[in-house]
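Protein chains in written order, with the numbering used here: chain A, 1 to 349; chain B, 350 to 698.
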């Protein structure tokens with residue numbers, strides 16, 4: 001492993017206990033995978049807050065968004081002895097043939113003067129809306145283009161997991177632009193500027209039978225409608241990114257190409273970070289790729305948690321040569337690490 | 350079952366033996382799932398022609414498109430004793446961890462004065478092109494909008510199965526518009542006109558973990574870039590369409606709504622046809638849906654073949670109240686059946 005990233009001494013920066021639940025009866029179980037951006041002179045995180053009711057002994061319960069229920073939410077609670085409960089894991093369970101998540105996620109803002117000590121807002125910025133977000137919204141990337149912030153997030157429901165788009169100029173009023181990439185898709189990062197006359201994004205569809213959990217690119221004229229989907233990067237058998245790969249935050253323009261920090265998971269579900277370098281004029285062309293991870297789950301708070309051995313980033317800020325990634329550790333807490341962009345590029349020779 | 354469809358007495362209309370292989374050393378194994386359209390006073394089919402080499406005893410072999418090989422194609426041949434061959438079925442096999450199809454498909458034109466006796470062209474109209482079509486092109490829908498024919502087909506490769514778009518005005522020169530829907534996606538049928546200022550399509554992404562093989566709708570301004578993906582119709586447990594559903598050809602405008610003939614398969618892989626009726630002004634709203642299949646594989650040529658018990662349509666022509674569907678039977682031969690549109694609508698009361 002190349003030692004290019006330095007963890008913040010203050011890690012974890014935020015824990016579930018730092019966040020007020022969004023509704024009575026819910027408990028914040030995980031705080032993870034924040035989008036990050038600069039706005040009004042401050043550094044902001046758009047945290048993923050994963051909640052569920054206090055789990056009673058011998059039972060599993062989860063919240064589901066439902067406009068017909070009081071408060072727009074209902075709780076599904078099942079006895080662990082119920083024969084309808086046919087599978088149960090950390091992230092989901094299957095009840096009467098339907099798959100549910102164990103937690104419901106919304107997006108919450110937190111702001112900071114120094115990028116280290118964050119003040120978390122009291123209530124959600126964005127919650128799931130409509131049938132396609134009944135299981136919540138997750139892992140939001142934020143990119144600013146000409147004063148408008150574009151948010152791409154996982155829209156999760158009974159119908160599958162796709163990519164939703166929202167936008168805002170003031171972080172108070174949000175416009176919703178619907179689902180821009182249909183199931184099964186996640187990890188969508190929009191480039192910060194047009195390339196060759198088009199907007200571009202990285203995204204992560206999944207193959208069924210053929211293909212796999214690979215990174216693709218697509219083009220758009222309006223950020224809402226996407227086409228010209230092309231394959232970009234596959235998983236690599238036997239390596240740290242053998243099972244799934246997915247983009248992090250928006251690619252960073254450098255003189256050598258578009259630098260993208262991405263995550264890779266192996267068959268044990270261990271998540272690490274690496275880098276892709278894409279051609280400046282044709283981002284569908286990979287110039288270089290990390291052979292070894294640039295960042296691995298080795299700290300105690302990365303190894304142990306709701307889902308252990310996970311570092312996952314979808315938010316970053318760049319200051320000249322300094323890249324700060326904000327990341328979810330063990331699907332439980334939010335941390336940060338910094339690296340020199342130049343040093344990362346050096347690993348990609 | 351409602352007996353609204355009447356099979357052509359001449360079925361099967363076309364068999365593999367009616368088609369000349371596209372290259373020396375290949376054999377036409379299956380002739381199936383044609384798109385259909387009217388052009389220059391005739392009825393045309395855009396057949397899916399599935400080829401492979403003559404299978405030698407104890408071996409499995411399949412063609413793969415490869416621009417670096419002579420003739421743009423190479424043959425992969427594996428002994429059935431090879432320990433690298435870890436799975437093998439009618440439609441595909443797994444060799445050294447990679448999934449391959451057993452056949453390579455291209456699209457071939459056939460034309461007819463009467464819609465019954467078809468003349469098949471000597472060479473392919475459309476073959477797979479580029480990395481994303483290395484395993485061929487399949488199951489093409491054809492829709493005519495303002496004199497241009499738009500072709501949506503399955504683009505199949507190592508990278509997954511997505512939807513490709515091509516267009517033509519004269520059926521000799523084709524423009525390629527790339528992949529419009531990323532993996533895993535199939536069964537894309539574009540509406541024949543704009544609705545509420547947008548183009549619309551039906552498509553069939555697949556969920557992973559959450560969701561399933563459901564029909565969705567999307568909107569576009571240019572037919573190349575798509576957004577506003579919405580869920581339309583799910584599989585139904587215990588019914589004939591319990592495992593997968595997918596659109597047939599372009600929806601038919603009727604005074605009661607958009608009529609769509611779709612396929613449904615059950616857990617045994619038995620494919621039947623049914624109908625969806627969609628709101629005229631908002632095609633994302635299902636007005637009615639067949640409880641029972643309208644068309645089932647019961648004829649001998651539908652029950653026995655390369656893959657038995659399959660009727661699958663993605664091509665049709667409409668003459669006033671008369672709908673003629675062209676369909677693949679048992680993944681082996683091409684057949685036709687006709688029905689009164691009015692009679693189909695009656696089943697959807």
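Quick reminder that beta carbons are idealized off the backbone N, C-alpha and C, glycines included.
Proximity test, Cβ basis, 7 Å: residue 646 of chain B and chain A: no
Rounded separation between residue 107 of chain A and residue 49 of chain A - CA only: Those two C-alpha atoms are separated by around 6 Å.
Residue 605 of chain B versus residue 549 of chain B: straight-line alpha-carbon distance, rounded: One C-alpha to the other measures close to 18 Å.
Burial state of residue 452 of chain B, where buried means 16 or more other Cβ atoms lie within 10 Å: buried
Beta-carbon proximity check, residue 578 of chain B vs residue 567 of chain B, cutoff 7 Å: yes
Local Cβ density within 10 Å of residue 542 of chain B, reported as buried at 16 or more and exposed below that: When all chains shown are included, residue 542 of chain B counts as exposed.
Closest residue to residue 490 of chain B among B/623, B/626, B/600, B/684 (Cα-Cα distance): B/600
Element boundaries [beta strand (DSSP E), containing residue 676 of chain B]: Run containing residue 676 of chain B: 671 to 678, per the beta strand (DSSP E) assignment.
Any chain A beta carbon closer than 7 Å to residue 532 of chain B: Proximity of residue 532 of chain B to chain A, defined by a Cβ-Cβ separation below 7 Å, is satisfied.
Collapsed DSSP secondary structure at residue 210 of chain A in the structure displayed: coil
Three-state class that DSSP yields for residue 147 of chain A in the structure shown: coil
Beta-carbon proximity of residue 20 of chain A to residue 122 of chain A, cut-off 7 Å: yes
Simplified DSSP state of residue 396 of chain B, which is helix, strand or coil: strand
Contact residues within the segment 194 to 217 of chain A, judged by C-beta distance below 8 Å to chain B: Flagged, chain order: 203, 205, 206, 207, 208, 209, 210, 211, 212, 214, 216.
Cβ-Cβ distance between residue 681 of chain B and residue 597 of chain B below 7 Å: no
Within 7 Å, strictly: CB atoms of residue 353 of chain B and residue 582 of chain B: no
At least three beta-carbon pairs within less than 8 Å, the segment 425 to 433 of chain B to the segment 383 to 391 of chain B: no
Contact list for the segment 582 to 597 of chain B against chain D, Cβ threshold 7 Å: The chain inventory of the structure shown lacks chain D, comprising the protein chains A and B.
Contained beta strand (DSSP E) runs [length at least 3] in the segment 432 to 467 of chain B, N- to C-terminal order: 434 to 437, 441 to 444, 447 to 450, 453 to 461
Proximal chain B residues relative to residue 132 of chain A, where beta-carbon distance stays under 9 Å: 578, 579, 580
Alpha-carbon spacing of residue 517 of chain B relative to residue 444 of chain B, whole angstroms: 37 Å
Cross-strand partners of residue 198 of chain A (DSSP beta bridge): A/195
Beta strand (DSSP E) runs contained entirely in the segment 351 to 434 of chain B, provided each spans 3 or more residues: 375 to 388, 391 to 402, 408 to 414, 422 to 428
Buried versus exposed call for residue 183 of chain A [16 or more other C-beta atoms within 10 Å across all chains shown]: buried
Backbone secondary structure at residue 186 of chain A - three-state DSSP: Three-state DSSP puts residue 186 of chain A in a strand.
Under 8 Å from the C-beta of residue 612 of chain B: neighbouring residues of chain A: Correct list: empty, because the minimum Cβ distance to chain A is about 17 Å.
CB contact below 7 Å: residue 180 of chain A versus chain B: yes
Proximal residues to residue 651 of chain B (C-beta, below 6 Å), its chain only, five neighbours per side dropped: If we look at residue 651 of chain B and ignore the five residues flanking it on each side, its Cβ neighbours are 660, 678, 679.
Segments assigned beta strand (DSSP E), at least 3 residues, entirely inside the segment 565 to 597 of chain B: With a minimum length of 3 residues, the continuous beta strand (DSSP E) runs that stay inside the segment 565 to 597 of chain B are 575 to 582, 593 to 596.
Nonlocal neighbours in the same chain, by C-beta distance under 6 Å from residue 674 of chain B, ignoring five residues either side: 662, 665, 686, listed in sequence order.
Beta-carbon proximity check, residue 109 of chain A vs residue 125 of chain A, cutoff 7 Å: yes
Distance between beta carbons of residue 380 of chain B and residue 402 of chain B, contact taken as under 8 Å: At roughly 17 Å, the Cβ-Cβ gap does not stay under 8 Å, so residue 402 of chain B and residue 380 of chain B are not in contact.
Of the residues B/589, B/647, B/467, B/696, the one placed nearest residue 617 of chain B, counting alpha carbons only: Out of B/589, B/647, B/467, B/696, the CA that lies nearest to the CA of residue 617 of chain B is found in B/589.
Within 7 Å, strictly: CB atoms of residue 92 of chain A and residue 556 of chain B: Contact flag unset, no.
Short Cβ contact (7 Å threshold) for residue 647 of chain B with residue 383 of chain B: no
Proximity winner among B/512, B/545, B/546, B/536, relative to residue 530 of chain B (alpha-carbon distances): Shortest Cα-Cα distance from residue 530 of chain B to any of B/512, B/545, B/546, B/536 involves B/512.
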